[in-house]
Structures are given as structure tokens and as C-alpha cells.
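Protein chains in written order, with the numbering used here: chain A, 1 to 112; chain B, 113 to 224.
Okay, so here's the structure we're looking at.
There are 2 protein chains.
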Amino acid sequence: MQENHSYRDKKVISIGTVSEITGLSVRQIRYYEERQLIYPERTDKGTRKYSFTDIERLMEIADMREEGVQTSEILKDFKKKENKEAMSKDIRKKMLQGQLNAHFRVQPESHK
Amino acid sequence: MQENHSYRDKKVISIGTVSEITGLSVRQIRYYEERQLIYPERTDKGTRKYSFTDIERLMEIADMREEGVQTSEILKDFKKKENKEAMSKDIRKKMLQGQLNAHFRVQPESHK
DNA sequence: CGTGTAAGGAATTCTGACACG
DNA sequence: CGTGTAAGGAATTCTGACACG
């Protein structure tokens, strides 16, 4: 669960290259976008641009599709995962807040 | 001087995108290749593909060109830097070897 | 539902060359 | 030397649609 930023998320790769790397057809890649599984950026003139993160996600999609999982199920799965991540972030935040409160002896939500 | 591998060096970006990111014209980018300052990969059908590392290098080139440095000078400069890097790698290797020798009491190059 | 394909058009990229300063 | 540009051709990408199972 590395937080390896910057280049990973920059949307600069065109669909043909993504197709080569992932082994998916251009048609498939566009279809997965239609099903909301990925969201590339668009250039001024409308050509799609993908990031390495998008490519990783497409690999996951490819794996699940091979197992017969429908795109609608894949979508649910992704949403579930995103929730978990958001939740763990929230927990980390609360724990940190707890530490700070303990340290500075702050009254938790004084109801006057 | 981070050793931040993988995505950084993958040649997947086409020249138009590189042009947008660097602010250099397509003509300039091709010319710098002609002068051996960068070496993109080629796809089957001959279109150039660049990495993020290439883009960083192009930024350096742009900066030096703005200062009036000629491409031939930039090339020398790059070669100098590469030498330094190769050298420091070599030194690290030799230092490691020295430690190992000390540890295992190996005779250095016994001339019989 | 998921994917292929032909269709027509727009934008990209390539090379070799001429121009200019 | 470094860069712009017009030229002609090849390859890419886009959308909406029909086909098939």
C-alpha cells in the first residue's frame, strides 16, 4: 500500500499504447469507461489519456472479467474498496486527533 | 538523487503530449534527438515514445538552450555527468569490496 | 451483456526539404 | 546552428451504429 505519487497518476498515455500494455482491445477499454470503471482525461481535441494507475486498474478488470465477473459487479467491488480506504483514512485522522487531544488536554466537544 | 524506478522510465508518451508538457515544439524535440540528446523508443510503425525521464531531460535542455548553450555543449555536459555517475557507482563497488576483503582477510592479488 | 467491425471524418505523426538568420 | 513551415502519406482516434450470442 505504497503512496508512490506523481508519475503514477499523470494521464499522458493514449489508448493504443494502453491497449498494447494491457492486452485489452481498444473497444474493451472504451466500453469499461462507458461502464464507469475508469475515467481517462480528454485532451482539447477529445483524445483519451490514461495514467499508469488506470493501466493497473484495467489489469484488475481484465482479471475479473476472465473469471466471468460482470462489469456491474466489478463496479460494486471497486466502490467497496474505495469505501474501505476512505474509512481507514478517516480512522487514522481520528486517532491522530485523539492523540493531540490527550496531549493538549482539550475538552471534547464542550456542550454548554 | 533518488532511485525511483519503474514508471519513470517506461517509454509510453507520444511526441504531442511531450510537447505540451515541456513547452517545446515538436520540431525542437525531434531535433534534439537528431543531436543525440535524447533517444525515444519507436513503436512498430515508427512513432516515437518518451518516458518521464526523457521529459525531465528535455526540461534541462530547454533551460540550457535558453541560456544560449549550444546542443553540442549540452551533449558534452550530459556525458560528463554520466561519467561522474558511473564513477561514483564504481567507487561504491570498490568500497564494498574493500570491506568484504577486510572481513574475510583475503590476500589482495597474490603475485606468486 | 460484452465485444467485433465497417464507416467517415478529424487530428497526429513521420520524413525530407527549403527557408531564414 | 536551431527552428519554422508546407507537402504527402500513413496510422490513430473518435463517435454512433449494426451484428452476434
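For glycine and all other residues, C-beta sits at the position ideal for the given N, C-alpha and C.
Would you identify the three-state DSSP class for Ile125(B), choosing helix, strand or coil? For the purposes of this step, residue 125(B) is taken as residue 13 along the second sequence, with counting starting at 1. Correct three-state label for Ile125(B): strand.
Using the DSSP secondary-structure output, state which residues sit across from Arg154(B) in a beta bridge. Residue mapping note: residue 154(B) aligns to position 42 of the second sequence, counting from 1. Per the DSSP secondary-structure output, Arg154(B) pairs in a beta bridge with Arg160(B).
So, are the CB atoms of Ile230(B) and Ile127(B) less than 7 Å apart? This structure gives no information on residue 230(B), because the portion of chain B shown stretches from 113 to 224.
Distance, Cα to Cα, Glu73(A) vs Ser25(A)? On the first sequence, residue 73(A) is found 73 positions in, with the first residue counted as 1. On the first sequence, residue 25(A) is found 25 positions in, with the first residue counted as 1. Going from the Cα of Glu73(A) to the Cα of Ser25(A) covers about 21 Å.
Which one of Asp9(A), His103(A) and Lys80(A) has the shortest CA to CA distance from Ser51(A)? Translated into positions along the first sequence, residue 51(A) becomes position 51. Per the Cα distances, Asp9(A).
What are the start and end residues of each continuous beta strand (DSSP E) run of 3 or more residues lying completely inside the stretch 160-223 of chain B, in chain order? none
Can you list the residues of chain A that Ser126(B) reaches, using a CB-CB cut of under 7 Å? As a position in the second sequence, residue 126(B) is number 14, starting the count at 1. Ordered by position in chain A, the residues that pass the 7 Å Cβ test against Ser126(B) are Ser14.
Strictly below 9 Å CB to CB, what residues from chain A border Thr129(B)? On the second sequence, position 17 is the one that residue 129(B) refers to. Under the 9 Å cutoff, chain A gives Val12, Ile13, Ser14, Thr43 and Lys49.
In angstroms with no decimal places, state the Cα-to-Cα distance between Lys112(A) and Asp90(A). Indexing the first sequence from 1 puts residue 112(A) at position 112. Indexing the first sequence from 1 puts residue 90(A) at position 90. Model confidence at Lys112(A) stands at a pLDDT of 46, short of 50, so the residue's coordinates are unreliable; what they give is reported in the following sentence. Cα to Cα, the separation comes out at about 27 Å.
Can you tell me the Cα-Cα spacing of Thr47(A) and Leu96(A), whole angstroms? What you label residue 47(A) is simply residue 47 of the first sequence in a count that begins at 1. What you label residue 96(A) is simply residue 96 of the first sequence in a count that begins at 1. Distance between the alpha carbons of Thr47(A) and Leu96(A) is about 43 Å.
Whose Cβ in chain B lies nearer than 8 Å to the Cβ of Arg8(A)? Within the first sequence, numbered from 1, the residue matching residue 8(A) stands at position 8. Per Cβ cutoff of 8 Å: Tyr119.
Output yes if chain B places a C-beta closer than 7 Å to the C-beta of Phe104(A); else output no. The sequence position of residue 104(A) within the first sequence is 104, counting from 1. So, not an interface residue.
Specify the secondary structure class of Gln148(B) as computed by DSSP and reduced to three states. Counted from its first residue, the second sequence places residue 148(B) at position 36. In this structure, Gln148(B) counts as coil in the three-state DSSP scheme.
Closer than 7 Å to chain A by CB, Phe190(B): Sequence index remark: in the second sequence, residue 190(B) carries index 78 (1-based). For Phe190(B), the answer is no, since every Cβ of chain A falls outside 7 Å of its Cβ.
Met199(B) Cβ short of 6 Å to the ligand NAP heavy atom set: What this structure holds is no ligand at all, so the ligand NAP is not there to describe.
Between the C-alpha atoms of Thr134(B) and Ile21(A), what's the straight-line distance to the nearest angstrom? The count along the second sequence starts at 1 and reaches residue 134(B) at position 22. The count along the first sequence starts at 1 and reaches residue 21(A) at position 21. Cα to Cα, the separation comes out at about 25 Å.
On the premise that Glu34(A) lies in contact with Pro40(A), defined as a C-beta separation below 8 Å, what is that separation, rounded to the nearest angstrom? In the first sequence, the residue the question calls residue 40(A) occupies position 40. In the first sequence, the residue the question calls residue 34(A) occupies position 34. Their Cβ separation, rounded to whole angstroms, is 12 Å, which puts Pro40(A) and Glu34(A) out of contact at 8 Å.
Quick check on this structure: which residue in Lys11(A), Thr53(A) and Gln36(A) has the alpha carbon closest to the alpha carbon of Arg42(A)? One-based indexing of the first sequence puts residue 42(A) at position 42. Minimum Cα distance to Arg42(A) is reached at Lys11(A).
Given a cut-off of 7 Å, decide if Val130(B) and Ile173(B) are closer than it, judged by their beta-carbon atoms. Counting from one through the second sequence, the residue named residue 173(B) turns up at place 61. Counting from one through the second sequence, the residue named residue 130(B) turns up at place 18. Annotated as distal: Ile173(B) and Val130(B), with beta-carbon spacing of 7 Å or more.
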